[in-house]
Structure formats: C-alpha cells, structure tokens
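Trainee: Protein sequences, first through last, are from chains A and B.
UniProt numbering puts the first residue of the first sequence at 1, with every later residue one more than the last.
UniProt numbering puts the first residue of the second sequence at 1, with every later residue one more than the last.
Beta carbons: idealized from backbone N, C-alpha and C, even for Gly.
Predicted model, so just to flag it, every value in this text is computed and none were measured.
Protein chains: 2
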Amino acid sequence: MARRQARFTTQDLVDDPRLDDHSPGLWSEELPEVARRLLSSAVRCFAKNGYHATTTRDITAAVGLSPAAMYVHFPSKELVLFEIMLAGHRRALACVSDPAVPETADAADRLRAIVSRYTAWHARHHVAARVCQFELAALTAEHYAEILDLRHRTNEFFRDAVTRGVADGSFADVDVKRVTRAMLSLSIDLVRWYRLDGSDPPERLGQFYADLALKLVEG
Amino acid sequence: MARRQARFTTQDLVDDPRLDDHSPGLWSEELPEVARRLLSSAVRCFAKNGYHATTTRDITAAVGLSPAAMYVHFPSKELVLFEIMLAGHRRALACVSDPAVPETADAADRLRAIVSRYTAWHARHHVAARVCQFELAALTAEHYAEILDLRHRTNEFFRDAVTRGVADGSFADVDVKRVTRAMLSLSIDLVRWYRLDGSDPPERLGQFYADLALKLVEG
DNA sequence: GTCTATATGAGGATAGAC
DNA sequence: GTCTATCCTCATATAGAC
Chain A
1 MARRQARFTT
11 QDLVDDPRLD
21 DHSPGLWSEE
31 LPEVARRLLS
41 SAVRCFAKNG
51 YHATTTRDIT
61 AAVGLSPAAM
71 YVHFPSKELV
81 LFEIMLAGHR
91 RALACVSDPA
101 VPETADAADR
111 LRAIVSRYTA
121 WHARHHVAAR
131 VCQFELAALT
141 AEHYAEILDL
151 RHRTNEFFRD
161 AVTRGVADGS
171 FADVDVKRVT
181 RAMLSLSIDL
191 VRWYRLDGSD
201 PPERLGQFYA
211 DLALKLVEG
Chain B
1 MARRQARFTT
11 QDLVDDPRLD
21 DHSPGLWSEE
31 LPEVARRLLS
41 SAVRCFAKNG
51 YHATTTRDIT
61 AAVGLSPAAM
71 YVHFPSKELV
81 LFEIMLAGHR
91 RALACVSDPA
101 VPETADAADR
111 LRAIVSRYTA
121 WHARHHVAAR
131 VCQFELAALT
141 AEHYAEILDL
151 RHRTNEFFRD
161 AVTRGVADGS
171 FADVDVKRVT
181 RAMLSLSIDL
191 VRWYRLDGSD
201 PPERLGQFYA
211 DLALKLVEG
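(1) Tell me, to the nearest whole angstrom, how far the beta carbon of His52(B) is from that of His143(A); I am working on the premise that it is less than 8 Å.
(2) Does Lys215(B) have its Cβ less than 8 Å from a Cβ in chain A?
(3) List, in order along the chain, the chain A residues whose C-beta lies closer than 8 Å to that of Ala42(B)?
(4) Quick check: the stretch 186-197 of chain A against the stretch 160-174 of chain A, are at least 3 beta-carbon pairs closer than 8 Å?
(5) Kindly list the residues whose CB is nearer than 8 Å to the CB of His73(A), restricted to its own chain and excluding five residues on each side of it in sequence; keep chain order.
(6) Run through chain A and tell me which residues come within less than 7 Å of Ser49(B), C-beta to C-beta.
(7) If you count every other CB in all the chains shown that lies within 10 Å of the CB of His152(B), and 16 or more means buried, which is it?
(8) Among Tyr194(A), Asp98(A), Arg204(A) and Arg181(A), which one has its Cα closest to the Cα of Leu212(B)?
(9) Taking Cβ to Cβ, would you say Val96(A) is nearer than 8 Å to Met183(A)?
(10) Could you check whether the stretch 128-137 of chain A touches the stretch 82-102 of chain A, counting it as contact only if at least three pairs of C-beta atoms, one from each stretch, sit closer than 8 Å?
(11) Taking the straight line between their C-alpha atoms, what separation do you get for His126(B) and Thr54(B)?
(12) Establish whether the CB of Leu212(A) and some CB of chain B are separated by less than 8 Å.
(13) Establish whether the CB of Ile114(B) and some CB of chain A are separated by less than 8 Å.
(14) For the 8 Å Cβ check, are there 3 or more pairs between the stretch 117-131 of chain A and the stretch 196-210 of chain A?
(15) Find out if the Cβ-Cβ distance for the pair Lys177(A), Leu216(B) is shorter than 8 Å.
(16) Could you please give the first and the last residue of the uninterrupted alpha helix (DSSP H) stretch that includes Ser170(A)?
(17) Rounded to whole angstroms, how far is the Cβ of Ser41(B) from the Cβ of Val63(B), which I believe are closer than 8 Å?
(18) Where does Phe134(A) sit, in a helix, a strand or coil, going by DSSP?
(19) Could you have a look at Tyr144(B) and say whether DSSP puts it in helix, strand or coil?
(20) Could you tell me whether the Cβ of residue 234(B) comes closer than 8 Å to any Cβ of chain A?
(21) Under 8 Å, do Ala61(B) and Arg110(B) count as touching if we go by C-beta distance?
(22) With Arg90(A) and Leu150(A) assumed to form a contact (beta carbons below 8 Å), what rounded beta-carbon distance in angstroms separates them?
(23) Are the C-beta atoms of His52(B) and some chain A residue less than 8 Å apart?
(24) Counting only the same chain and skipping the five closest in sequence on each side, list residues whose C-beta sits under 6 Å from that of Tyr194(B).
(25) Does chain B have any CB closer than 8 Å to the CB of Leu190(A)?
(26) Grouping DSSP H, G and I as helix and E and B as strand, with all else coil, what is Ala53(A)?
(27) Quick check on the burial criterion: 16 or more other C-beta atoms within 10 angstroms. Buried or exposed for Asp98(A)?
(28) Can you pull the chain B neighbours of Arg159(A), defined as C-beta to C-beta under 8 Å?
(29) Determine the direct distance from the alpha carbon of Phe157(A) to that of Ala105(A), and round the result to whole angstroms.
(30) Please list, in chain order, the chain B residues whose beta carbon lies closer than 8 Å to that of His182(A).
(31) Please name the residue, chosen from Lys77(A), Thr154(A), Thr56(A) and Ala92(A), that lies closest to Leu139(A) on a Cα-to-Cα basis.
(32) Does the Cβ-Cβ distance between Ala113(B) and Arg164(B) come in under 8 Å?
(33) Shortest alpha-carbon distance to Gly206(A) belongs to which of Leu93(A), Glu218(A) and Leu186(A)?
(34) Can you check which of these residues, Asp175(B), Arg204(B), Pro24(B) and Gly198(B), is closest to Glu218(B) by C-alpha distance?
(35) Would you mind working out which of Ala172(A), Val179(A) and Glu146(A) sits nearest Arg159(A), comparing C-alpha positions?
(36) Would you report the Cα separation of Pro24(A) and Val101(A), rounded to the nearest angstrom?
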C-alpha cells in the first residue's frame with residue numbers, strides 16, 4: 001500500500017505529454033512487434049516510477065496484455081530492463097564511434113561532433129536514456145558488468161578527443177580526466193530535465209553543448 | 001527473489017569504502033541519537049540499492065534494531081525518505097543563500113562562490129545527495145511538491161547570479177536559462193561518480209567547477 | 001501466444017509482551 | 001523504546017486451458 005502511494009496510473013503514463021518519447025526505432029527489427037511494444041511500455045514505466053516500483057502488470061496493461069504474456073517474450077522483468085539498457089548503451093556508443101566522426105578530423109571538429117551527437121541522442125531518447133542512467137543498480141552483477149563495459153568504451157571516445165586536442169596544441173593544457181567528466185555530465189544530466197516539447201530540439205541542444213565543451217578546453 | 005538478485009548485503013553497505021559518507025552533521029541535533037542513526041543507515045541503503053529495493057529490515061539491521069523499532073521514530077518508510085530529502089535540500093539551499101555569498105559582491109565572485117559552495121556540498125555529502133537526486137519519484141505528491149519548492153529556490157540563486165553578470169556586462173550575453181542549467185548539471189551529476197577517497201577533495205572540486213562555470217559565461 | 005488462476009514468498013506495518 | 005510474532009497485501013513467476 002505505502003509502496004504505491006506516490007505512483008501514477010498507467011493512463012497517466014500514456015497521457016503525460018512530458019514522456020513523449022515512445023522509443024521509436026530503438027529496438028532490433030528482428031524482435032516481434034509485441035516484444036517491441038512491451039519494451040517501449042517498460043521504458044515509460046521505468047522512467048516514470050523506477051524499475052522496482054513498476055510491476056509486470058503496469059508494463060503489460062499498457063499494451064493490453066495480461067502479466068503472463070510478458071513471460072512468453074522475456075524470461076524475467078530484469079531481462080526486460082537489460083534489453084533496454086543494452087539497446088540504449090549500444091546506440092549511444094554507436095553515436096560517438098560512427099565514421100561520421102572521422103579520426104582524422106581536426107581536434108576541435110572531432111570533439112564538437114562527438115559532444116553534439118551524444119547530447120542529441122540523449123535528448124531525443126531522453127526517456128529511454130533516463131532508464132539507462134537511473135536504473136543501473138537494478139541489474140544483476142553480470143549484466144551490470146556488461147553495461148559498464150559499453151559505458152567505458154563510450155567514455156574513451158570523449159577522453160581521446162580531449163587528449164588529442166591537448167597533445168596537438170589546439171586545446172589548452174586542461175586536466176583531461178576532470179574536463180572529460182564535466183562534458184559527460186552535461187550530456188548525461190539532461191535526461192533529468194529534458195522534454196521534447198521544450199524550446200530546444202535535440203540537435204540544437206547538441207550544438208549548444210558542443211559550444212560549451214569547446215569553451216571548457218579553450219585557453 | 002528476482003527482486004533481490006542484484007542486491008548487496010547490509011555488510012557490503014557498511015564495508016564499501018566508496019560509500020564513505022556517514023552523513024555527519026546532516027540531521028537536526030534535536031533528533032534522538034537512534035533516529036539519526038536510522039536516517040544515516042537509510043541514506044546508505046537508499047543510495048546503494050534505491051528506495052524501493054531497500055526494506056525496513058535493511059535499514060534497521062544495520063543499526064542493530066528490529067524492523068518494528070523504526071516505527072517508534074518514523075511513521076513510515078516514505079517519511080524516512082522525506083526527512084532525508086528535507087535535510088539535504090535545506091542544507092544545499094543554505095549553502096548558496098548563505099551571507100558568506102554577499103549580494104553586493106562582484107558578479108564573477110558571487111557566481112564563483114555559489115558554484116564552488118554548492119559543488120563542494122554535493123561532493124562532501126555525495127551519498128545523501130545521491131538519494132536527494134535519484135529518489136524524488138518515490139515521494140508522495142505532497143512531499144514532492146515541498147521538495148520541488150526548495151529546489152526552485154536554490155536554482156534561483158544560480159540564475160540570478162548569471163543574470164546579474166550579463167546585465168552589468170561582466171559576463172558575455174549568454175542564454176541565461178541554458179547556461180544556468182549547464183552549471184547545475186555539473187554540480188548535481190557529480191553525485192553519480194564522486195568518491196571521497198578520490199583525488200579531489202570537495203573544496204578543490206568546487207574551485208575547479210567554479211572555474212568551469214566562469215568559462216561558460218566568458219566572452 | 002494469450003488467457004485465468006494460482007503458487008510462493010517478500011515486505012510494510014501493527015499487536016502486544018517486556 | 002525495543003522485542004517477537006504476525007497480519008495482509010501485493011508482486012514475480014508458473015501451470016495449464018484454449
């Protein structure tokens with residue numbers, strides 16, 4: 001009883017215009033339609049109330065199914081979360097490792113591309129990204145380790161971009177570790193407050209944060 | 001069963017050197033010793049596993065009490081969380097509204113003082129601050145509104161400091177809303193990664209982030 | 001592949017002794 | 001103010017029919 005006192009209903013989840021991201025295109029095309037709908041429903045529920053406050057009934061009711069139907073597609077609730085985490089972190093990594101951000105680019109251009117793409121991704125997928133950032137503690141130890149690996153590989157692209165600029169003299173002689181963390185903080189923390197219906201579309205915010213990132217490494 | 005698969009034991013919580021903050025001096029002196037110990041235990045549990053994954057047994061066992069003992073001091077688990085939220089947000093607000101940050105100061109000095117104090121507070125109390133940032137959704141609607149008010153009042157000090165510098169020409173003509181959000185993101189997001197045994201003591205990180213904040217408003 | 005029904009057990013909260 | 005014992009709800013997951 002007390003556990004649910006602050007909860008929102010499923011209808012709230014569906015209607016809330018602030019949770020306007022229905023995770024379009026986040027899931028593998030090979031997944032059955034129903035499985036993808038369940039994942040999208042889980043994303044909204046987890047983002048709104050948290051993993052542990054979300055029941056299998058919440059997830060399935062929003063798709064018009066009984067709780068038992070979920071177990072045909074996923075062996076457990078934790079694996080639903082893990083699928084979301086995997087998809088989200090893989091996409092975010094793909095954003096910064098994409099050949100559209102060439103290794104050969106000028107250090108400032110490269111940092112700008114990485115920050116703007118990473119930021120825009122988090123903005124566009126802010127609901128799923130919120131789950132990816134807030135619910136790490138709910139994963140099993142094994143799944144957590146797997147996600148942590150993806151995060152480290154993503155962070156490396158940021159650190160390398162800063163390191164390169166410092167090395168070739170395009171940036172000031174900044175503390176790479178601390179500055180890199182600051183840049184990641186800016187992009188990640190937006191999942192706490194960003195809304196698609198706000199004034200900044202994802203790409204515009206990406207540009208803005210890329211500008212800020214360059215200010216952090218300027219003499 | 002599945003709900004607890006990724007959990008840590010109470011002993012992990014006590015032993016983990018990364019959760020080295022025992023919330024010293026956070027609670028009102030008027031609270032009985034036992035109540036304060038319960039709050040500190042709850043902070044560690046909530047920070048580690050989240051509010052919903054923490055049981056009243058977790059909280060009390062770490063203090064050597066039975067679950068029933070908690071209800072002598074607090075009427076519900078949610079009120080334990082609310083007490084933590086109130087204390088944390090009030091202290092953070094006090095940090096930036098303190099007379100040690102005079103209204104009359106030079107705009108850059110004032111912004112520097114606000115950012116460094118707010119940042120250092122989050123670093124020193126990073127475990128409690130993590131609960132304050134991550135568990136807002138677990139509050140009842142009424143309690144949530146009360147905490148939101150404290151947060152808005154805190155944010156105003158940041159926005160006013162930036163606004164003033166822009167108005168009197170000490171800062172560039174930046175987008176106040178977006179830049180203020182960026183500064184808050186830097187200070188708040190550190191609760192995700194900060195550890196007291198790392199290389200940066202709270203005050204040093206505060207100085208560093210104050211420097212970054214000024215870079216964001218420089219021409 | 002979806003349903004209804006249910007096994008199983010965890011967890012918030014309370015009763016009542018000391 | 002703390003304990004032991006327990007109530008009662010609710011959630012994950014499964015069984016078995018369709």
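Mentor: Walking through what the data contain:
(1) Between His143(A) and His52(B) the Cβ distance is about 19 Å, and since that is not below 8 Å, they are no contact.
(2) yes
(3) Chain A residues near Ala42(B): none, gap ~15 Å exceeds 8 Å.
(4) no
(5) Pro32, Val34, Ala35 and Leu38
(6) Note that residue 49(B) is Asn in the sequence shown here, rather than Ser. Correct list: Ala137.
(7) exposed
(8) Arg181(A)
(9) no
(10) yes
(11) 19 Å
(12) yes
(13) no
(14) yes
(15) no
(16) Where Ser170(A) is concerned, there is no enclosing alpha helix (DSSP H), given that its DSSP letter is neither H nor E.
(17) 5 Å
(18) helix
(19) helix
(20) Residue 234(B) cannot be examined here, being either before or after the span of chain B that is shown, 1 to 219.
(21) no
(22) 6 Å
(23) yes
(24) Ala123 and His126
(25) yes
(26) coil
(27) exposed
(28) None at all; the shortest Cβ gap to chain B is about 14 Å.
(29) 13 Å
(30) The residue you asked about is not His; residue 182(A) is Ala in the sequence shown. Within chain B, the residues near Ala182(A) are Leu186, Tyr209 and Leu212.
(31) Lys77(A)
(32) no
(33) Leu186(A)
(34) Asp175(B)
(35) Val179(A)
(36) 24 Å
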